[in-house]
Amino acid sequence: MEDLIKRIESIFKVVSKEKGKRDNLWILEVEKESLHAVLSYLKDNESFRHLALISCVDWIENKKFQLSYILWSYQKRQNIIVKIFIDRDKPEFKTVLNLFPQAEVYEREIRELYGVTFEGNPTQFEEFVLEDWEEMPPMRRDFDTYKYSQEKYGDRDSEVQRTNIRKIISDYTDEWRRK
Amino acid sequence: MKEKDYFLDDKPKKLSYSEVWQKFFDWARAKSLWVVSYGTGCGSIEIPPMVTSRFDAERFGVSTVGTPRQADVLIISGYLAVKTLKRVIRVYEQMQSPKYVVGLGACTINGGMYFDSYNTVNLVDLYIPIDVYVAGCMPRPEAILAGFAQLMKKIKEGRADGWKQYIDNLDKYRKNQEKVIKNWKIPNYNW
Amino acid sequence: MWYKILYAFLVTVGGLAYGLLLGGISRKITARIQGRKGPTVFQNYIDLIKLLKKKTAISHGTMFFLAPMFRLLGGVGVLLLVPIVYKSNALSNFSFGGDLIVLMYFMVFGCLGMALGAADSGNPHSAIAPTRGLAQMAGYELPFLVSVIGLAIAHKTVSISSIVASQQGGIFHWNLFQYPFLSIAGIIAMLGMYAAYPFAVVLAPQEIPVGPPTEYSSTFLSFMFTGKSIFGVGKYVLFMDLFLGGATNLVEAFIKTFTLFLIVVFVTNVFPRYRTEQAVKFFWTYPVVIGLIDFIRIFIK
Numbered sequence: 001m002e003d004l005i006k007r008i009e010s011i012f013k014v015v016s017k018e019k020g021k022r023d024n025l026w027i028l029e030v031e032k033e034s035l036h037a038v039l040s041y042l043k044d045n046e047s048f049r050h051l052a053l054i055s056c057v058d059w060i061e062n063k064k065f066q067l068s069y070i071l072w073s074y075q076k077r078q079n080i081i082v083k084i085f086i087d088r089d090k091p092e093f094k095t096v097l098n099l100f101p102q103a104e105v106y107e108r109e110i111r112e113l114y115g116v117t118f119e120g121n122p123t124q125f126e127e128f129v130l131e132d133w134e135e136m137p138p139m140r141r142d143f144d145t146y147k148y149s150q151e152k153y154g155d156r157d158s159e160v161q162r163t164n165i166r167k168i169i170s171d172y173t174d175e176w177r178r179k
Numbered sequence: 180m181k182e183k184d185y186f187l188d189d190k191p192k193k194l195s196y197s198e199v200w201q202k203f204f205d206w207a208r209a210k211s212l213w214v215v216s217y218g219t220g221c222g223s224i225e226i227p228p229m230v231t232s233r234f235d236a237e238r239f240g241v242s243t244v245g246t247p248r249q250a251d252v253l254i255i256s257g258y259l260a261v262k263t264l265k266r267v268i269r270v271y272e273q274m275q276s277p278k279y280v281v282g283l284g285a286c287t288i289n290g291g292m293y294f295d296s297y298n299t300v301n302l303v304d305l306y307i308p309i310d311v312y313v314a315g316c317m318p319r320p321e322a323i324l325a326g327f328a329q330l331m332k333k334i335k336e337g338r339a340d341g342w343k344q345y346i347d348n349l350d351k352y353r354k355n356q357e358k359v360i361k362n363w364k365i366p367n368y369n370w
Numbered sequence: 371m372w373y374k375i376l377y378a379f380l381v382t383v384g385g386l387a388y389g390l391l392l393g394g395i396s397r398k399i400t401a402r403i404q405g406r407k408g409p410t411v412f413q414n415y416i417d418l419i420k421l422l423k424k425k426t427a428i429s430h431g432t433m434f435f436l437a438p439m440f441r442l443l444g445g446v447g448v449l450l451l452v453p454i455v456y457k458s459n460a461l462s463n464f465s466f467g468g469d470l471i472v473l474m475y476f477m478v479f480g481c482l483g484m485a486l487g488a489a490d491s492g493n494p495h496s497a498i499a500p501t502r503g504l505a506q507m508a509g510y511e512l513p514f515l516v517s518v519i520g521l522a523i524a525h526k527t528v529s530i531s532s533i534v535a536s537q538q539g540g541i542f543h544w545n546l547f548q549y550p551f552l553s554i555a556g557i558i559a560m561l562g563m564y565a566a567y568p569f570a571v572v573l574a575p576q577e578i579p580v581g582p583p584t585e586y587s588s589t590f591l592s593f594m595f596t597g598k599s600i601f602g603v604g605k606y607v608l609f610m611d612l613f614l615g616g617a618t619n620l621v622e623a624f625i626k627t628f629t630l631f632l633i634v635v636f637v638t639n640v641f642p643r644y645r646t647e648q649a650v651k652f653f654w655t656y657p658v659v660i661g662l663i664d665f666i667r668i669f670i671k
């Protein structure tokens with residue numbers, strides 16, 4: 001798969017590349033203006049015709065959203081992930097609906113859960129999972145979900161509820177990883 | 180053998196005529212419970228093994244029916260998202276009284292694994308009266324059958340009156356429900 | 371004269387009790403075939419008692435209320451018109467000369483009432499099952515008519531008591547052995563009437579919630595239960611009178627109806643289900659042809 005990466009590097013400007021945890025997975029980072037060109041090159045010339053997922057990561061320290069496009073090739077049985085960074089304060093991007101029709105649903109999900117709007121997607125403002133949601137998009141990291149759950153749904157006043165289970169578990173796994 | 184084994188210290192009780200009649204009907208209700216086949220959450224994968232050949236639930240009289248109009252028991256199996264809660268309330272109000280609710284799993288008790296989720300309800304008891312909780316994540320079919328045995332015991336003693344509490348405190352339940360559900364389109368009770 | 375009313379009442383109640391017991395036995399046999407223990411044999415009684423005491427708060431129109439009554443009346447009518455025990459004062463009920471034709475009318479009546487009631491309820495699912503049921507009834511009525519009319523012509527009478535009378539005198543005088551092909555056609559039609567499994571598309575519990583009684587609950591459902599049980603017992607007694615030689619005492623009646631019941635239960639548990647058009651096609655070809663063989667024999671004689 002390395003020759004594929006060399007071919008892509010010779011045509012487009014690749015910001016960073018990284019090999020995944022298995023042999024048939026590579027992760028490329030490109031500039032956001034050249035994403036459509038990269039995707040259509042991979043789809044037409046290199047047989048990566050299946051878009052498996054569009055995923056979004058919230059980098060709140062760098063003030064950026066990362067969008068990852070996961071592609072799969074049936075012929076060569078290889079995965080490639082193309083990721084771009086967009087601005088967190090004005091999260092907008094263009095849709096890839098013209099290349100892959102299933103992107104319509106993935107972008108609807110990202111619009112509901114992260115707040116990224118995609119220009120050119122006709123159904124993106126419909127509800128995906130949440131009904132009548134009026135707060136901040138809930139998967140962003142500055143949305144305090146524990147506080148929201150306590151205020152809206154209440155809890156039983158018990159010893160178990162008052163301990164912060166997630167902090168205890170994450171402290172334990174951090175310590176275990178450090179060893 | 181102690182001498183105490185031969186004698187009884189309690190006084191004789193008398194039951195009035197309507198109490199005997201009520202006990203008879205409660206016995207009949209406990210022996211034939213019909214469950215709505217509605218799988219609300221992840222626990223509904225334990226319901227088909229409970230009803231089929233290995234852990235047979237039909238020997239206790241428990242069988243599934245297709246419509247809430249003919250059912251006695253609603254099983255809330257697992258977490259309840261707010262979207263599901265609205266539909267569950269409508270199903271619960273379509274059932275004819277007397278009706279009972281069984282809550283499976285830790286998520287119905289205090290939120291369970293999803294206690295800090297923005298979309299799932301923590302205490303189901305605020306919105307629908309629950310008679311029996313079955314602990315576990317998910318409880319095995321034998322545990323659910325033990326829960327049904329507890330429900331049958333409660334019905335025979337006459338203590339399973341969740342539906343009466345719903346009728347008495349309808350305002351409180353409605354206030355809790357409207358706090359969580361925004362688009363409230365249910366016209367009136369038991370339509 | 372007044373004691374005839376008392377006997378009719380006793381027969382109705384006894385028929386209901388026997389029908390519910392047969393339902394429980396059928397569930398138990400089905401469960402044992404599937405390798406599990408089933409409910410007790412008295413489970414249907416407990417279901418009925420529980421249903422009587424549920425509150426009903428829905429109303430959907432006049433026909434909705436009347437339809438369970440139709441079903442119950444169809445059932446009671448069938449049970450009271452067949453002579454259960456031949457030549458008996460108590461258990462001959464209201465049978466008279468010519469009751470075969472009236473009986474065939476009553477049997478359609480029950481199903482029709484249910485169809486009308488289900489169509490009037492607000493639920494779209496409860497309209498699918500009666501349409502299928504009526505289509506299937508058009509199927510099984512044909513072999514049933516072939517066998518009944520064949521018997522009527524062969525014995526030159528339209529009264530069930532006379533048909534029973536001409537079957538007395540030993541086991542080989544039964545219609546089962548004298549006119550075997552008519553009996554086969556009749557028994558296959560009987561399977562259709564009970565919605566036994568090759569022809570169970572009416573109930574189809576996986577496809578439509580429970581079939582015609584979808585919107586009913588509590589007291590209405592209990593009427594339907596009773597109607598179904600009584601109707602079932604009435605049909606068993608009718609087929610016993612037509613094909614198995616009637617009964618001269620009550621024990622013989624129980625044994626013969628139980629045999630017919632076992633045939634239905636064993637066939638139900640073994641077969642998968644036909645679609646409606648396949649069932650109708652089956653009913654109109656094989657049993658009719660088999661029954662017509664005996665027709666030819668009767669006409670030659």
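Chains as they are written, first to last, in our numbering: chain A, 1 to 179; chain B, 180 to 370; chain C, 371 to 671. All residues carry an ideal CB built from backbone N, CA and C; glycine is no exception. Small disclaimer: the values here were computed from a predicted structure and weren't measured.
If you draw a straight line from the alpha carbon of R502 of chain C to that of L515 of chain C, how long is it in whole angstroms? Taking the third sequence and counting its residues from 1, one reaches residue 502 of chain C at position 132. Taking the third sequence and counting its residues from 1, one reaches residue 515 of chain C at position 145. Spanning the two alpha carbons is a distance of roughly 20 Å.
Between I110 of chain A and I60 of chain A, how many whole angstroms is the CB-CB distance? I'm expecting something under 8 Å. By one-based count along the first sequence, residue 110 of chain A stands at place 110. By one-based count along the first sequence, residue 60 of chain A stands at place 60. Wrong, their Cβ atoms sit about 16 Å apart, outside the cutoff.
Find the residues of chain E that neighbour R238 of chain B, judging by a C-beta separation of less than 9 Å, and give them in chain order. Absent from the structure: chain E. Protein chains present are A, B and C.
Same chain, Cβ closer than 6 Å to M560 of chain C, five either side skipped, listed in chain order: Mapped onto the third sequence, residue 560 of chain C falls at position 190. F609, listed in sequence order.
Decide if K332 of chain B is buried, meaning its Cβ has at least 16 other Cβ atoms within 10 Å, or exposed. Within the second sequence, numbered from 1, the residue matching residue 332 of chain B stands at position 153. Classification of K332 of chain B: exposed, given that the 10 Å Cβ count is below 16.
To the nearest angstrom, how far is the alpha carbon of R177 of chain A from that of I226 of chain B? Within the first sequence, the letter at position 177 stands for residue 177 of chain A. Within the second sequence, the letter at position 47 stands for residue 226 of chain B. Each residue's Cα considered, the two are about 39 Å apart.
With DSSP collapsed to three states, give me the class of F466 of chain C. Within the third sequence, the letter at position 96 stands for residue 466 of chain C. In the structure shown, F466 of chain C sits in coil (DSSP, three-state: anything other than H, G, I, E or B).
Do we get a CB-CB distance below 9 Å when we pair L390 of chain C with the residues of chain B? Within the third sequence, the letter at position 20 stands for residue 390 of chain C. For L390 of chain C, the answer is no, since every Cβ of chain B falls outside 9 Å of its Cβ.
For E29 of chain A, report the span of its beta strand (DSSP E) as first-last. Translated into positions along the first sequence, residue 29 of chain A becomes position 29. From DSSP, the beta strand (DSSP E) with E29 of chain A extends over L25 to V30.
Nearest-angstrom Cα separation, counted from R397 of chain C out to L349 of chain B: Along the second sequence, one-based indexing puts residue 349 of chain B at 170. Along the third sequence, one-based indexing puts residue 397 of chain C at 27. Approximately 40 Å between the Cα atoms of the pair.
Hey, could you find the ends of the beta strand (DSSP E) V383 of chain C is sitting in? Position 13 of the third sequence, counted from the start, is the residue given in the question as residue 383 of chain C. Element bounds for V383 of chain C: not the beta strand (DSSP E) but the alpha helix (DSSP H), W372 to I403.
C-beta contact flag for L97 of chain A and L71 of chain A at 9 Å: On the first sequence, residue 97 of chain A is found 97 positions in, with the first residue counted as 1. On the first sequence, residue 71 of chain A is found 71 positions in, with the first residue counted as 1. No, these two residues do not count as a Cβ contact at 9 Å.
Could you tell me whether the stretch 291 to 309 of chain B touches the stretch 131 to 146 of chain A, where touching means 3 or more Cβ pairs closer than 8 Å? yes
Is D3 of chain A helix, strand or coil by DSSP? Here residue 3 of chain A refers to the residue found at position 3 of the first sequence. Of the three classes helix, strand and coil, the one that applies to D3 of chain A here is helix, per DSSP.
How should Q404 of chain C be labelled, buried or exposed, when 16 other C-beta atoms within 10 angstroms of its C-beta is the threshold for buried? What you label residue 404 of chain C is simply residue 34 of the third sequence in a count that begins at 1. Per the 10 Å Cβ criterion, exposed.
Where L130 of chain A meets chain B, residues with beta-carbon distance less than 7 Å: The sequence position of residue 130 of chain A within the first sequence is 130, counting from 1. Simply N298.
By the three-class DSSP mapping on this structure, what secondary structure does D611 of chain C have? Here residue 611 of chain C refers to the residue found at position 241 when the third sequence is read from its first residue. Helix, per DSSP.
Excluding the five sequence neighbours on either side, which residues of its own chain have a C-beta within less than 6 Å of the C-beta of S16 of chain A, listed in chain order? Numbered from its first residue, the first sequence carries residue 16 of chain A at position 16. Excluding positions up to five away in sequence, the list reads E29.
Buried or exposed: which applies to D469 of chain C, given that a residue is buried once 16 or more other Cβ atoms fall within 10 Å of its Cβ? Walking along the third sequence from the start, residue 469 of chain C turns up at place 99. Buried is the call here.
At a Cβ threshold of 9 Å, is R397 of chain C touching chain B? The sequence position of residue 397 of chain C within the third sequence is 27, counting from 1. Chain B contact via Cβ: present.
Check whether F593 of chain C and S529 of chain C have beta carbons under 9 Å apart: Residue mapping note: residue 593 of chain C aligns to position 223 of the third sequence, counting from 1. Residue mapping note: residue 529 of chain C aligns to position 159 of the third sequence, counting from 1. Not closer than 9 Å, so no.
Specify, as a first and last residue, the run of the beta strand (DSSP E) that N355 of chain B falls within. What you label residue 355 of chain B is simply residue 176 of the second sequence in a count that begins at 1. Looking at the DSSP string, N355 of chain B is not in any beta strand (DSSP E); the run it does join, the alpha helix (DSSP H), is L349 to V359.
Would L386 of chain C pass as an interface residue toward chain B - the criterion being a Cβ-Cβ separation below 9 Å? Taking the third sequence and counting its residues from 1, the one referred to as residue 386 of chain C is at position 16. It does not: the Cβ of L386 of chain C has no partner Cβ on chain B nearer than 9 Å.
Buried versus exposed, by CB contacts within 10 Å (16 or more), G385 of chain C: Numbered from its first residue, the third sequence carries residue 385 of chain C at position 15. Buried is the call here.
If we count Cβ pairs, one from each stretch, closer than 8 Å, do we get three or more for the stretch 228 to 243 of chain B versus the stretch 256 to 263 of chain B? no
Residues near N414 of chain C by beta carbon distance below 6 Å, same chain, minus five either side: Position 44 of the third sequence holds residue 414 of chain C. Excluding positions up to five away in sequence, the list reads L390, G393 and G394.
Going by CA-CA distance only, name the one from A:T117, A:T123 and A:Y74 that's closest to V257 of chain A. Shown here, chain A extends from 1 to 179; a query on residue 257 of chain A therefore has no answer.
At a CB-CB cut-off below 7 Å, which residues of chain B make contact with Q413 of chain C? Residue 413 of chain C sits at position 43 when you count from the first residue of the third sequence. Chain B residues near Q413 of chain C: S211 and G240.
Determine whether the Cβ of Y196 of chain B lies closer than 9 Å to any Cβ atom of chain C. As a first step, residue 196 of chain B is located in the second sequence; it is residue number 17 there, counting from the start. Not closer than 9 Å to any Cβ of chain C, the Cβ of Y196 of chain B fails to qualify, so no.
The stretch 546 to 561 of chain C in contact with the stretch 617 to 629 of chain C per 3-pair CB rule at 8 Å: no
With 16 other Cβ atoms within 10 Å as the buried cut-off, status of I80 of chain A: As a first step, residue 80 of chain A must be located in the first sequence, where it is residue number 80. Its Cβ being crowded by 16 or more others within 10 Å, I80 of chain A is buried.
Taking Cβ-Cβ distances shorter than 7 Å, what residues in chain B pair up with R156 of chain A? Numbered from its first residue, the first sequence carries residue 156 of chain A at position 156. Per Cβ cutoff of 7 Å: N289 and L302.
Measure the C-alpha to C-alpha separation of Q548 of chain C and I454 of chain C and round it to an integer number of angstroms. As a position in the third sequence, residue 548 of chain C is number 178, starting the count at 1. As a position in the third sequence, residue 454 of chain C is number 84, starting the count at 1. Spanning the two alpha carbons is a distance of roughly 22 Å.
Helix or strand or just coil, what does DSSP make of Y95 of chain A? The count along the first sequence starts at 1 and reaches residue 95 of chain A at position 95. It should be noted that the sequence gives Thr, not Tyr, for residue 95 of chain A. Coil at T95 of chain A, not helix or strand.
Would you mind sorting Q75 of chain A into buried or exposed? The rule is 16 or more other CB atoms within 10 Å of its CB. Position 75 of the first sequence holds residue 75 of chain A. By the 10 Å Cβ count, Q75 of chain A comes out exposed.
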